[in-house]
Each structure stands twice: as structure tokens, then as C-alpha cells.
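Structure first, then comments.
Number of protein chains: 2
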Amino acid sequence: MIFEIPVEVASHFEKGELVAAIAQDFQTNEVLMLAWMNREALTLTIESARATYWSRSRNSLWLKGESSGHFQEIKEISYDCDGDAILLKVKQIGAACHTGERSCFHNKLNGKFSE
Amino acid sequence: MIFEIPVEVASHFEKGELVAAIAQDFQTNEVLMLAWMNREALTLTIESARATYWSRSRNSLWLKGESSGHFQEIKEISYDCDGDAILLKVKQIGAACHTGERSCFHNKLNGKFSE
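Here the protein sequences line up with chains A and B, keeping their order.
The opening residue of the first sequence carries number 0 in numbering that gives the first Met the number 0; numbering runs sequentially from there.
The opening residue of the second sequence carries number 0 in numbering that gives the first Met the number 0; numbering runs sequentially from there.
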């Protein structure tokens, strides 16, 4: 099965830009984390069906789970209307967050909005 | 009720960086869109309980729904472990996407990953 990187997404890579990648639990739809991808990261993600990101802090490719075992198995990939964001539906092995929390978004703003 | 912008998030604003903001349906957990916020956008979002972003293309604040009526009413805000991404749980009025689709992530990559 050949996947092609859509032109809307590729246009950002051609400009040297990264795209944002949201990982979401494929069953519960919980948002797990947000990270970044360059073309190589997206290609590896597609080919291996395991999420690979571009680490902006380490300036290197980052196979999620390589050291922790907490891989993200890809179930579906979609991209947004202007091609600068990607949504990965994944089966998360273990925790997405390095803190051990399932999601990186485990901190809420204090206060309460209307119900 | 006073909300404070968490220091992890504020540190990015102090460096002149934008943070990524994911809007998610508060009932179904569907991811609707990804946009960007500066400090003023986040402050307005908190104060008005309506999502306001920073438009990178127009270089201006953008109250989502101002022209379309498709506002996003904020139900909950969380932020990730390194403070560079925000998750908004929203009640989406109408469509999130300017194409009329409910979500901006309505295009899937062709092909199929393992079930």
C-alpha cells in the first residue's frame, strides 16, 4: 500500500516548516499529546505505522516509545484544511506523557466556565 | 473568578512564541481544528469564554465565529506538560472549518493501517 504525502502538507515541508501532529486515542478520542513532524518523520510514521516525531529540543527524529516502550500504533491519519496540522489516531501503549500520565494535557486551568 | 496563565505557558509568550491550541468537541471529543494563540488571544479566550486565536496569516487577533457566527464556547482549558500547547474543550456552534465541514481534519490519508 503506497501512501502519498498530500500536497497541502508537502508544501509546508518544502518551505522548511514543521507541521503540528496531534495524537489522539483511537477508541476514546482522548487527546494525548502534540508534537512536530518534518517530512522524514511523517514518512517513517506512515511506513512503520508507529508515530515518529521531530524533536525540536533535540533537533532529531524521535520514535515515540523507543526508550520507554510507550509506542503509538497508528490507526488512521488525517490532515487539516491548510495542511499544517496532522491528526494521528493511535493505540497508545502505556502512557503518552513522560511524567507517566496518560495524556500530556493533564493540567487544567483553574476556574470554571459555564456548564 | 480569576484565571491565571500558567507559568509553563507564559514562558513561551515571554520568548515571543505562539502556543498551539487544539479545539475539541466537549461531548464527542472530536478534534475540530488547530490554531495559534499569543498571550492576548488566550486572555481574551479565558475572559470571554469564546475561543480567540492569533491568525498567523492575517497577523491579527481572530475571534472564531466573528464573521461566520460559528463561535466556540469554552467548557474547559488544559495545557500540556511543556506548556507549548493548549487543549480547548468547546461547544462548537455550526462548523469549525471554513469549508463547512464540522472538523478541519476531514481529509484522510489514503491507505489503511492495521486494525
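Glycine included, every Cβ here is placed at the ideal spot set by N, Cα and C.
Across the segment 53 to 80 of chain B, CB contacts with chain A closer than 7 Å involve I73, K74, E75, I76, S77, Y78, D79, C80, in sequence order along the chain.
B/N109 sits exposed, since fewer than 16 C-beta atoms from the chains shown fall within 10 Å of its C-beta. For A/L43, the closest alpha carbon among the candidates A/N58, A/L62, A/K14, A/W35 is that of A/L62.
Closest by C-alpha distance to B/L17, out of B/A95, B/C80, B/R38, B/D79, is B/R38. With contacts defined by Cβ atoms closer than 7 Å, B/T27 and A/C80 do not form a contacting pair. Sixteen is the threshold: when 16 or more other Cβ atoms of the shown chains lie within 10 Å of the Cβ of B/V8, as they do, the residue is buried.
Cβ-Cβ distances below 7 Å link B/F2 to I45 in the same chain, with the five nearest sequence neighbours on each side left out; the list follows chain order. DSSP, reduced to helix, strand and coil, places B/A40 within a helical segment of the structure shown. Contact residues of the segment 10 to 33 of chain B toward chain A are A19, I21, Q23, T27, N28, E29, V30, M32, L33 (C-beta to C-beta distance below 8 Å). The beta carbon of B/F25 sits closer than 8 Å to those of K74, E75, K88, V89, K90, all from its chain and outside the five residues before and after it, given in chain order. Distance between A/R55 and A/L33, taken at the CA atoms: about 12 Å. When the beta-carbon positions are compared, B/L86 and A/F104 come within less than 7 Å of each other. For B/R49 against B/F70, the beta-carbon gap comes to about 5 Å, under 8 Å, which counts as contact. In the assembly as shown, A/S59 is an exposed residue. Its beta-carbon has fewer than 16 other beta-carbons within 10 Å. Distance from the CA of B/G68 to the CA of B/E100, rounded to the nearest whole angstrom, comes to 15 Å. Taking the Cα positions, B/K107 is about 26 Å away from A/C96.
Taking each of A/E29, A/V6, A/W53 in turn and checking the Cα distance to A/A20, the smallest one comes out for A/W53. Taken in chain order, the members of the segment 82 to 94 of chain A whose beta-carbon sits within less than 7 Å of a beta-carbon on chain B are A84, L86. Secondary structure within the segment 48 to 94 of chain B: the beta strand (DSSP E) runs of 3 or more consecutive residues, fully enclosed, are 51 to 54, 59 to 62, 71 to 78, 84 to 91 (chain order). Comparing C-alpha distances from B/M36 to each of B/S102, B/I4, B/G93 shows the shortest one belongs to B/I4.
Closest by C-alpha distance to A/E72, out of A/Q23, A/E13, A/V6, is A/Q23. In the DSSP assignment, A/F12 falls within the unbroken alpha helix (DSSP H) covering 6 to 13.
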